[in-house]
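J.: Going down the list, the sequences are from chains D and L. Under our numbering, think of the first position of the first sequence as 1, with each following residue one higher. Under our numbering, think of the first position of the second sequence as 1, with each following residue one higher. First, the structure itself, so that you have it in front of you.
2 protein chains.
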Amino acid sequence: MDQRKVIAIDGMGGDHAPGIVIDGLEAVCRRRSDLEFIVFGDEAEIRLLLDRSPAAAARSTIRHSDKRIAMDAKPSEALRRGKGSSMWGAIEAVRDGEAIAAVSAGNTGALMAISKLVLRTVEGLHRPALVGTWPTRRGVSAVLDLGADIAADARQLVEFAIMGEVFARAVHRKSAPTVALLNIGSEDLKGHDSIREAARLIRASGLGMAFEGYVEGNDIGMGKVDVVVTDGFTGNVALKTAEGVARMITELLKETLTSSLRARLGALIAMKALKGFRARLDPRLANGAVFLGLNGCVVKSHGSADGEGYAQAVYVAADMGGSGFKQDIEDKLRILAEVIARSAEPVSEEDAVS
Amino acid sequence: MDQRKVIAIDGMGGDHAPGIVIDGLEAVCRRRSDLEFIVFGDEAEIRLLLDRSPAAAARSTIRHSDKRIAMDAKPSEALRRGKGSSMWGAIEAVRDGEAIAAVSAGNTGALMAISKLVLRTVEGLHRPALVGTWPTRRGVSAVLDLGADIAADARQLVEFAIMGEVFARAVHRKSAPTVALLNIGSEDLKGHDSIREAARLIRASGLGMAFEGYVEGNDIGMGKVDVVVTDGFTGNVALKTAEGVARMITELLKETLTSSLRARLGALIAMKALKGFRARLDPRLANGAVFLGLNGCVVKSHGSADGEGYAQAVYVAADMGGSGFKQDIEDKLRILAEVIARSAEPVSEEDAVS
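As C-alpha cells, then:
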C-alpha cells in the first residue's frame, strides 16, 4: 500500500452532497497538508465546487461516476445495483490500496453492506461493528456497536472490546484505554448471560486489556471508561437517547436565555463563556463512526453533517486508516481464539463476578 | 377497600431515611389535605421527627417495626428474612386494604420481590414492570420497563403497553395517551423480532390504543409519544444514559457560568430565567416509579431523593393507587388473551409494518 495518506471520498453521499463534502475537504486542507483525496462522483458538479475551494482543489483528483446510492435505498438493492456508484468506487479504492480509508455521508445500511462485500471481514472476526465518539464530562469515549447489527453473543462482545480499544488508541490517542461492558444495575438486577460470559472471557484471555468490568448508562456521559461495549440494539438506543436529551436541554436553555430582556442581557454578558459551553457540546466534533473489522477502513459521516462535521469524519479516517488497526485486531483475535479453544474447561465462577 | 386515601409508608427505606421520608410527608401535608399515612418503622425515631413536622404528624399513624431491609440486601435474602420489616409491613397494608398504595425509597430488588410475593401479579399478566416519568421537551412521558426484568417477549411488550397507558392516564392525566415501541432505525436496520410481533399484536388487538408504531431513542426526550415501551434492559440503559447526559450538561453549564467574572455577572442578571430552566429539569419532579401489574400499588422513590423528591413519589402513589388501574389492566388483558388465542391464524404481513 502507498505510504501517502490518500483518502477516498464518496462525493455524492449525504443529504447535502456534494456541497458540504467539498466544504469539508476545503476545511481539512486549510488546516493540514498531509492528506490527498480521490473524490468519486459527478465530475462537472464536483469540478464546479472545487473551483471555489482552492486548497481542496490542489489536493483532490476526481473520479467520475454518474450513479449515486439513494439515501433511502435498501442495502439489498444497493448491493444489486450499486456497482459503479460513487460510494462503491470509494470503497474499491481502499480495497485496491489506492486509499487508506473511505469516507461517506451516504446511506448507512448500503455503506455497511457494500463495504462488507468489497472489503470482507478481517480473518477470524465474526462481525464488524460501528464505533463512534461520545462526548463526556472528561473528554471523549468510544462506544460500540452503534447499530451494525442488533444482537451480539459473548464472543462478539469481546471482539467489540478488542476493536474499541484499537479505535481509542488510533483516534482518541489513548495509550492504554480502559474498557467496560454496558450492563444494568446494582441490586441484583442481573444483565444478560452473554454480558457476564464476555466479562469472564476478557478476564481469562490475557489480552492485556485495561478491563474494568461493567458500567451503567449514566457512566457513559460521565466518562468513567474510555471504551463502552454493548450490542448494536442497545448501543443505538443509548446513542439516540443521549442525542435526544442533549437536544432537549440545549433547546430549553436557548429558550431560557431569550425568554426576557433581562435573560438576553445576562446571556450577552456571559456570551464568551456560553460559546465555550456550546463548543464543548458541539455534536459535529463527535462526527465520524468507523465501520470497523474489515480489511480496510470505512468511515460514516452523519448524513446531515455540515462541512465542519464532515471534516471531523475525514480526520477520523486519516487516524484510523493510517494506523495498523488490521494487524492489531488480527493479533488479538488469535489470542481470543486460543482462549476459547482452551476454555472448554470453564474458568472458576469467581472470575466472572465484577 | 376503604375510600379514604391512606398511603402506607416504608419509613426506614432509603439512603437518608427516616429523615427525608418525614420531610416528604410534611411537604405533602402542607399542600393537600386528602391524604393520610401509616408510617412503618422505628417508633421512637419517627415520633421524634414527627414532633418537628406538625402537618404530617396530624395525619400519620406509626406502626412500630424494629427491622429494616438493608439497601444492599439480595432480594432472595429479603424474602427469607424480611417479614416484619418496615417495607414488608407497608406492602401488607396494601394487601389488607388498609392503604391504597405503598411508597418506599428502599432497596429496589427487595421491594419488587416482596411486593410480588405479598400482592401477587394481576390475573392474566405474565410480568409486572417498573414504569416511570421521563421529562421531555413537551412535558412528560411514561417509559417502561425500567428494569423489573431484563428481557420481554412480544406478548409482554404488549402487556407493558397496556400498563403504560394506564399509568399515563392516572398519573400524567392524559386522556388518550399515544403509545409506541422503542426500536432502532431507519435504513433497514431492523429491530428484534419480538418488537415487530408486538406491533402486529397491538394493531390486531382492538385494544383501542392510540398506537404510533416505533420510536427511536432521540424521540423520547423530544416527547414524541406519551408512552414508550421497551424491555427492562434497554429501558434501564436508556434511563441511566439520559441521566448521565443530563448531569454532564448541567455540570458543564454550571462550570461555564462560574468560569469568569463576566460569566458570573451574566448569570446573575439572567438568574430568574435560569431558575426556571433548572426547575424544568429538576430530576425530583420525575421521582416515583410504579411497580405495576400487581394486585395493589407499590411506588419506588429514588433511594437518594430528598423530601421534595419523596413528596413527588407520594403524589404518584395517590394518583395511581386511587385509580381503577387493576380493573383497567385486567379488562385489557382479557381482550389481548382473546386476540392471541384467535391469532393462531396470523394477520397479514402489511399490518405489522410501521
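Built from N, CA and C at the ideal position, the CB exists for glycine as well.
1. Tell me, to the nearest whole angstrom, how far the beta carbon of lysine 326 (chain L) is from that of isoleucine 162 (chain L); I am working on the premise that it is less than 8 angstroms.
2. Three Cβ pairs or more, each shorter than 8 angstroms: is that satisfied between the segment 242 to 261 of chain D and the segment 162 to 178 of chain D?
3. In three-state DSSP terms, what is isoleucine 95 (chain D)?
4. Could you pull the start and end residues of the alpha helix (DSSP H) that serine 205 (chain L) belongs to?
5. Chain D beta carbons: is any one of them nearer than 8 angstroms to that of serine 260 (chain L)?
6. Please work out which residues of its chain come closer than 7 angstroms, Cβ to Cβ, to aspartate 319 (chain D), disregarding the five sequence neighbours upstream and downstream, and give them in chain order.
7. Between which residues of its own chain and leucine 294 (chain D) is the CB-CB distance below 7 angstroms, once the five residues before and five after are set aside?
8. Tell me, which residues are paired with aspartate 10 (chain D) by DSSP?
9. Using the DSSP secondary-structure output, state which residues sit across from valine 215 (chain D) in a beta bridge.
10. Between arginine 370 (chain D) and the rest of its own chain, which residues show a CB-CB distance below 7 angstroms, the 5 nearest in sequence each way excluded?
11. Which value, in whole angstroms, describes the spacing of the CA atoms of lysine 5 (chain L) and alanine 99 (chain L)?
12. Report the residues of the segment 3 to 35 of chain D with a CB closer than 7 angstroms to any CB of chain L, ordered along the chain.
13. Quick check: the Cα distance between aspartate 188 (chain D) and proline 75 (chain L), rounded to an integer number of angstroms?
14. I need the DSSP call for serine 356 (chain D), collapsed to helix, strand or coil.
15. Checking the sheet assignment: what are the DSSP bridge partners for phenylalanine 291 (chain D)?
16. Taking 8 angstroms as the threshold (C-beta atoms), are glycine 303 (chain D) and methionine 87 (chain D) in contact?
17. Please classify serine 115 (chain D): does DSSP put it in a helix, a strand, or coil?
18. Give a yes or no on whether 8 angstroms exceeds the smallest Cβ distance from asparagine 236 (chain L) to chain D.
19. Do you know how far the Cα of histidine 192 (chain L) is from the Cα of glycine 82 (chain D)?
20. In chain D, which residues lie with their C-beta within 9 angstroms of the C-beta of glutamate 216 (chain L)?
21. Comparing alpha-carbon positions, which option in L:Gly19, L:Ile7, L:Leu265, L:Ile340 lies nearest serine 33 (chain L)?
22. Comparing the C-beta of lysine 272 (chain D) with each C-beta of chain L, is any distance below 8 angstroms?
23. Suppose the cutoff is 8 angstroms on Cβ atoms and the five residues either side in sequence are ignored; what does the same chain contact list for alanine 113 (chain L) look like?
24. With distances taken between CB atoms, is the gap from leucine 257 (chain D) to alanine 270 (chain L) smaller than 8 angstroms?
25. Taking any Cβ of chain L, which residues in the segment 115 to 130 of chain D have a Cβ under 7 angstroms from it, in chain order?
26. So, using beta-carbon positions, are methionine 12 (chain L) and arginine 68 (chain L) closer together than 8 angstroms?
27. Alpha carbon to alpha carbon, how far is valine 227 (chain D) from lysine 174 (chain D)? Give it in angstroms, no decimals.
28. At the level of alpha carbons, what is the spacing between alanine 180 (chain L) and glutamate 212 (chain L)?
29. With DSSP as the reference, label threonine 234 (chain D) as helix, strand or coil.
30. Against methionine 222 (chain D), what residues of chain L qualify as contacts under a CB-to-CB distance less than 8 angstroms, listed in chain order?
T.: In brief:
1. Residue mapping note: residue 326 (chain L) aligns to position 326 of the second sequence, counting from 1. Residue mapping note: residue 162 (chain L) aligns to position 162 of the second sequence, counting from 1. Their Cβ separation, rounded to whole angstroms, is 12 angstroms, which puts lysine 326 (chain L) and isoleucine 162 (chain L) out of contact at 8 angstroms.
2. The segment 242 to 261 of chain D, when compared against the segment 162 to 178 of chain D, does not touch it at the 8 angstroms Cβ threshold.
3. For the purposes of this step, residue 95 (chain D) is taken as the residue at position 95 of the first sequence. One detail in the question is off: residue 95 (chain D) reads as arginine in this sequence, not isoleucine. When DSSP states are grouped into helix, strand and coil, arginine 95 (chain D) belongs to the helix group.
4. Locating residue 205 (chain L) in the second sequence gives position 205, counting from the first residue. 193 to 205 is the span of the alpha helix (DSSP H), which, as asked, contains serine 205 (chain L).
5. The residue you call residue 260 (chain L) lines up with position 260 of the second sequence. Taking Cβ atoms only, chain D reaches closer than 8 angstroms to serine 260 (chain L), which makes this a yes.
6. Counting from 1 along the first sequence, the entry for residue 319 (chain D) is found at position 319. Contacts found: Ala170, Val171.
7. For the purposes of this step, residue 294 (chain D) is taken as residue 294 along the first sequence, with counting starting at 1. Excluding the 5 residues flanking it on each side, leucine 294 (chain D) has same chain C-beta neighbours closer than 7 angstroms at Ser115, Lys116, Leu119, Arg120, Thr121, Val122, Pro128, in chain order.
8. One-based indexing of the first sequence puts residue 10 (chain D) at position 10. Paired residues: D:Phe40.
9. Taking the first sequence and counting its residues from 1, one reaches residue 215 (chain D) at position 215. DSSP output for valine 215 (chain D) lists D:Leu182 as bridge partner(s).
10. In the structure as shown, chain D begins at 1 and stops at 354. Residue 370 (chain D) is therefore absent and cannot be evaluated.
11. For this step, residue 5 (chain L) is matched to residue 5 along the second sequence. For this step, residue 99 (chain L) is matched to residue 99 along the second sequence. Rounded to whole angstroms, lysine 5 (chain L) and alanine 99 (chain L) show a C-alpha spacing of 7 angstroms.
12. With the criterion set as a beta carbon lying under 7 angstroms from some beta carbon of chain L, the segment 3 to 35 of chain D has no members that meet it.
13. By one-based count along the first sequence, residue 188 (chain D) stands at place 188. By one-based count along the second sequence, residue 75 (chain L) stands at place 75. Annotation note: pLDDT 44 at aspartate 188 (chain D) (below 50); position unreliable, no value reported.
14. A question about residue 356 (chain D) goes unanswered here, because the residues of chain D that appear run from 1 up to 354.
15. Counting from 1 along the first sequence, the entry for residue 291 (chain D) is found at position 291. According to DSSP, phenylalanine 291 (chain D) bridges with D:Leu130, D:Val298.
16. As a first step, residue 87 (chain D) is located in the first sequence; it is residue number 87 there, counting from the start. As a first step, residue 303 (chain D) is located in the first sequence; it is residue number 303 there, counting from the start. In terms of Cβ geometry, methionine 87 (chain D) and glycine 303 (chain D) do not form a close pair [threshold 8 angstroms].
17. Start at 1 with the first residue of the first sequence, and residue 115 (chain D) comes out as number 115. DSSP places serine 115 (chain D) within a helical segment (H, G or I) once states are collapsed to three.
18. Counting from 1 along the second sequence, the entry for residue 236 (chain L) is found at position 236. True, the Cβ-Cβ gap to chain D drops below 8 angstroms.
19. Within the first sequence, numbered from 1, the residue matching residue 82 (chain D) stands at position 82. Within the second sequence, numbered from 1, the residue matching residue 192 (chain L) stands at position 192. Going from the Cα of glycine 82 (chain D) to the Cα of histidine 192 (chain L) covers about 27 angstroms.
20. One-based indexing of the second sequence puts residue 216 (chain L) at position 216. What glutamate 216 (chain L) touches in chain D: Asn236, Val237, Lys240, Thr241, Gly244.
21. Your numbering for residue 33 (chain L) matches position 33 in the second sequence. Relative to the Cα of serine 33 (chain L), the nearest Cα in the group L:Gly19, L:Ile7, L:Leu265, L:Ile340 belongs to L:Ile7.
22. Here the question's residue 272 (chain D) lines up with position 272 in the first sequence. Chain L contact via Cβ: present.
23. What you label residue 113 (chain L) is simply residue 113 of the second sequence in a count that begins at 1. In the same chain as alanine 113 (chain L), and ignoring 5 residues on each side of it, the C-beta atoms closer than 8 angstroms to its own belong to Pro75, Ser76, Ala78, Leu79, in chain order.
24. On the first sequence, residue 257 (chain D) is found 257 positions in, with the first residue counted as 1. On the second sequence, residue 270 (chain L) is found 270 positions in, with the first residue counted as 1. Cβ distance < 8 angstroms, so leucine 257 (chain D) and alanine 270 (chain L) count as in contact.
25. Hits within the stretch: zero.
26. Sequence index remark: in the second sequence, residue 12 (chain L) carries index 12 (1-based). Sequence index remark: in the second sequence, residue 68 (chain L) carries index 68 (1-based). Taking C-beta atoms as the reference points, methionine 12 (chain L) and arginine 68 (chain L) count as a pair closer than 8 angstroms.
27. Locating residue 174 (chain D) in the first sequence gives position 174, where the first residue counts as 1. Locating residue 227 (chain D) in the first sequence gives position 227, where the first residue counts as 1. When the Cα atoms are used, lysine 174 (chain D) and valine 227 (chain D) turn out to be separated by approximately 10 angstroms.
28. Within the second sequence, the letter at position 180 stands for residue 180 (chain L). Within the second sequence, the letter at position 212 stands for residue 212 (chain L). When rounded, the distance between both Cα atoms is 5 angstroms.
29. By one-based count along the first sequence, residue 234 (chain D) stands at place 234. Residue state, collapsed to three classes: helix.
30. Here the question's residue 222 (chain D) lines up with position 222 in the first sequence. From the beta-carbon of methionine 222 (chain D), the residues of chain L found nearer than 8 angstroms are Gly244, Arg247, Met248.
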